[in-house]
Amino acid sequence: MNTIKKEEFDYQQYMREHPPDSARIQRGPVARKQRFEAARMKTAIHIDEDILEHFHEMVSEAQSCENLINQALREWLSAKTMKDLFREEIEHVLQQTFSVVQLHSQQTREGTF
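Number 166 marks the last residue of the sequence shown (our numbering); no jumps.
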């Protein structure tokens, strides 16, 4: 039963009848980090040793190797997306230009230009 959508639902009354269990409430940065880590999707992948060594050489003390690899992958995906968009736009402009040149050539041959 979804009581949130009911207009007659009395939230304050509900909270008086069902108070939060303070033993189950997790506060602080440690609990927040645990919730964050639990929400992240965990996947195991094989990374070649030379690639992993390269990332280990690049990583600073304030950053983990895993975070650096994730950042590199995000940047690569973003750049790839931009390249694809740019390529599509160039193809569109070339197609328009080609159409105009064809039309101009046809009109020139027919003497209608």
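Every residue gets a Cβ at the ideal spot worked out from N, C-alpha and C, and that includes glycine.
Here Asp137 carries a helix assignment [DSSP, helix/strand/coil]. For the pair of segments examined, the region 132–149 was found not to touch the region 157–164: the number of CB pairs separated by less than 8 Å stays below three. Assigned with DSSP and collapsed to three states, Arg88 falls in helix. DSSP places Glu106 inside the alpha helix (DSSP H), whose first and last residues are Glu102 to Met111. Rounded to the nearest whole angstrom, the CA to CA distance from Tyr67 to Thr96 is 40 Å.
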